[in-house]
Amino acid sequence: MERIVFMSLIISLFLFLHAVEMVSFAFVHPLCSSHDSLALLHFKHSLSVTQTVHYRESSVPKMASWNSSMDCCRWKGVTCDIFTGHVIGLDLSNSILGGTIHPNSSLFQLHHLQTLDLSYNYFSGSHIPPSIGQLVNLAHLKLSYCYFRGRIPLEISHLSNLVSLALSVVGYDVQLSREGFNMLFHNLTKLEVLSLSNVNISSSIPMNISSSSLRYLDLEYNKLQGDLPNSIFLLPNLEALRLSHNTDLTVSIPKFNWSSSHSLRELELSSTNISGGLPTSLGTLKALKLMKLSGCNLLGHIPESIRNLSQITQLDLSDNHLDGEIPDAFSNFQKLTSLSLENNAFIGPSPASLFNLTKLEYLSLRNNLLSGPLPPFTAIRLQNLERLYLSQNSLNGSIPSWMNSLPTLSQLSLGTNHFSGPLPEFKTNSLEWLDLSENQLNGSIPQSLRDLVNLNILTLGHNNLSGEVGAEMFSSMKYLEYLDLSHSGLSWSSNKDDINTTLPRLEYLGLGSCRVKDFPGFVLNSKFFWALDLPENEIHGEFPKWFGGVSKLQSLNLSHNYLTSLDHLPWETMVVLDLQSNSLTGPLPSSLCRLSKLHLINLSYNNLSAEIPNCLFSFVQLTVLDLRANNFYGPLPNKFPENSVLIHISLSKNQLEGPIPTSLVNCTLLQLLDLGNNKFRDTFPTWLETLDALA
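Counted the way mature numbering (1 follows the signal peptide of the UniProt record, and there is no 0) counts, the sequence shown spans residues -22 to -1, 1 to 673.
Here is the structure:
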């Protein structure tokens, strides 16, 4: 009997626990509202999965899991209220969706929605429906990068519960009226995040912005106009202010403390008009982690107060008119990972303090007036440096050895300076880009250069190097795309095995004034090759037959050689053809007329003869035509096309005759016209006076 009672208790306890579990499950996994489920299914069927645009590798067609056999609260991207079962959240971002969201879409029947994220999809240029204003409970609305077009509806400003609004777009295909822009700030008083980058606003920012809750404001690329209101800087909780690339926006940075000085972490004002220089008040922004003020017309010195920005990780002051010496205040930026001061007028030596920043990954000081040698110490602290740009200064001395042993360095640019001495031994193979051009380096190329197997770009031109190099020297560089040794002092050595050398990614080869005697056969092995630059060499005769197999050739410079024949030009992709100062004879080949994409053709200072082909005067993309100092004869064809883009025409020192063609009047961009030393018989064409650009 006792056993029966005990078993009854066990069964009762089990049933009780099961009931509790079912009740708990009901709260955690509520049944979806049938109304909302049906609305979602109708919304699904109104759209499609598209392969037109792939934003990210993580794209997932979330709607694929939606079907009537499963409770909609379990569908991907759907969040339900745990008590009512109403759909309160819909995240279909990055779901490869396509089609059009119509004003009567069932989406707008989900009146309990608090979060809607449709970003990173492709709605094929349709408009944002005004019906979006019916979702009055929305707190978070994200419609960024959806390929919408047209005007943002005013109804969005009726969503007074919005906390975050993201409508960033690609291009300027979406517009926001002045009225709509003002209403956003006036009505959405709870807004904390507003992101409208690339939306065409084309108006000024409202003068009295008092959204005390605003934390993140992104108005980049909005074509904003007028003055930036000071009220922006008085927002007490502002953490990120992004207004870059509004070239008609005038900014006056406060000269005194900002209300947001303790909260502001990101300040991006690049490509706006900032009057004057950097105020000392910037030093009050002690929480700042990112500051980008490039291209702002800034003047003067960097203030000493900048040393207070000890939390800064990214600083960009490039493309301004800043001058003076780079202050030692930067030594306080121990968290700095990226620093760009390029394209300014800084003078003096490059401060040693910059080369002691242990977390630095990117440093650019190029195109300044820096002078003197680089710090000679071993930069053991620069273990994280990946990109170093010091080109276009007046730095001198030898290249310090520490620079060639940085373990993570991938890009090193020291071009256009006064560095001297031999090339250093390279002790790391992480380099992908090496520019040492336009210096005074001497000696031969070290064998360690062969070990730079990851190089994409190598430029050593315009130095005082010596010795011979050939294709074999670079054969291990399978990623090499750009090789320029022009005017380096090196001699190029060719042999019959060069044709077997494979540089599969090579696109450009520059060997100007390298005593080249033969066409470099190895370029045939790269299917990407498009530019050959071999001026001032010792190449004789005609083009080899195999050279026509370089099918994508767009730029060919063989000027100042000893070529004698121009039988065939098979490259219909050709844009630049420069064969000046050779020994070419005879008429131009008929194949030249198929090079209709030419922008520049220079065949001057040869012995070419016959009439100039009519086709040359009808190439619609041609900007430079230089055939001077040949033996061309006959009349000029009256073939210059309307809207011609010709800038330079030089036909002097030939035997041309007849009248000057009246179609020259179509060359409205013409800056130079040289027809001297010919046999033209004509009165001065007064219509030339209509060519305003003609010197």
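We treat Cβ as the ideally placed atom computed from N, Cα and C, and that holds for glycine.
So residue i is in the beta strand (DSSP E); what residue range does that whole segment cover?
i           : result
residue 535 : 533 to 535
residue 289 : From DSSP, residue 289 is part of no beta strand (DSSP E); its letter is neither H nor E.
residue 145 : First-last for residue 145: undefined, no H or E at that position.
residue 524 : Where residue 524 is concerned, there is no enclosing beta strand (DSSP E), given that its DSSP letter is neither H nor E.
residue 431 : Counting along the chain, residue 431 falls outside any beta strand (DSSP E), and DSSP gives it neither H nor E.
residue 58  : 56 to 58
residue 118 : 118 to 120
residue 132 : Careful: residue 132 lies outside any beta strand (DSSP E) and carries neither H nor E.
residue 633 : 633 to 636
residue 389 : 389 to 391
residue 79  : Premise fails: residue 79 is in no beta strand (DSSP E) and is neither H nor E.
residue 299 : 299 to 303
residue 528 : Residue 528 -> no beta strand (DSSP E), and no H or E assigned at all.
Would you kindly work out how many angstroms separate the C-alpha atoms of residue i and residue j, rounded to a whole number?
i           : j           : result
residue 115 : residue 216 : 25 Å
residue 82  : residue 108 : 10 Å
residue 349 : residue 211 : 38 Å
residue 352 : residue 397 : 10 Å
residue 275 : residue 256 : 11 Å
residue 415 : residue 75  : 49 Å
residue -5  : residue 63  : Note that residue -5 scores 46 on pLDDT, short of 50, meaning its location in the model is unreliable and no value can be drawn from it.
residue 102 : residue 150 : 15 Å
residue 536 : residue 622 : 27 Å
residue 241 : residue 230 : 20 Å
residue 559 : residue 518 : 12 Å
residue 381 : residue 315 : 18 Å
residue 146 : residue 220 : 13 Å
residue 3   : residue 110 : For residue 3, the predicted structure reports a pLDDT of 42, less than 50, and the residue's modelled location is therefore unreliable. The matter cannot be settled from this model.
residue 173 : residue 483 : 40 Å
residue 603 : residue 582 : 9 Å
residue 503 : residue 265 : 54 Å
residue 327 : residue 373 : 8 Å
residue 53  : residue 97  : 18 Å
residue 334 : residue 359 : 6 Å
residue 72  : residue 14  : 22 Å
residue 21  : residue 249 : 42 Å
residue 588 : residue 565 : 5 Å
residue 277 : residue 258 : 13 Å
residue 222 : residue 528 : 43 Å
residue 670 : residue 650 : 11 Å
Figure out for me which residue from the options has the closest Cα to the Cα of residue i.
i           : options            : result
residue 79  : 363, 23, 61        : 23
residue 574 : 53, 532, 415, 563  : 532
residue 261 : 248, 284, 246      : 284
residue 270 : 126, 339, 293      : 293
residue 311 : 299, 332, 325      : 332
residue 355 : 369, 378, 619      : 378
residue 298 : 190, 393, 564, 318 : 318
residue 137 : 159, 113, 36, 288  : 113
residue 647 : 625, 661, 641      : 625
residue 347 : 338, 322, 175      : 322
residue 66  : 163, 162, 43, 11   : 11
residue 320 : 369, 305, 281      : 369
residue 754 : 188, 281, 305      : For the chain, the structure presents residues -22 to 673; residue 754 sits outside this window and is missing.
residue 478 : 471, 499, 486      : 499
residue 456 : 468, 442, 435      : 435
residue 568 : 556, 547, 578      : 547
residue 237 : 190, 186, 196      : 190
residue 409 : 508, 366, 399, 420 : 366
Provide the residue(s) that pair with residue i in DSSP beta bridges, ordered along the chain.
i           : result
residue 340 : 316, 365
residue 462 : 437, 488
residue 626 : 602, 650
residue 252 : 229
residue 111 : Answer by DSSP bridge pairing: none, since residue 111 is not bridged.
residue 49  : Note: residue 49 sits in no beta bridge, so no partner.
residue 203 : 182, 226
residue 396 : 374
residue 747 : Limits of the chain in this structure are -22 at one end and 673 at the other, which puts residue 747 out of reach.
residue 153 : 129, 178
residue 660 : Per DSSP, none; premise fails for residue 660.
residue 68  : 56, 94
residue 381 : Answer by DSSP bridge pairing: none, since residue 381 is not bridged.
Within the continuous alpha helix (DSSP H) that includes residue i, where are the two ends?
i           : result
residue 509 : No alpha helix (DSSP H) holds residue 509; the beta strand (DSSP E) holding it covers 509 to 511.
residue 15  : 12 to 23
residue 161 : 156 to 165
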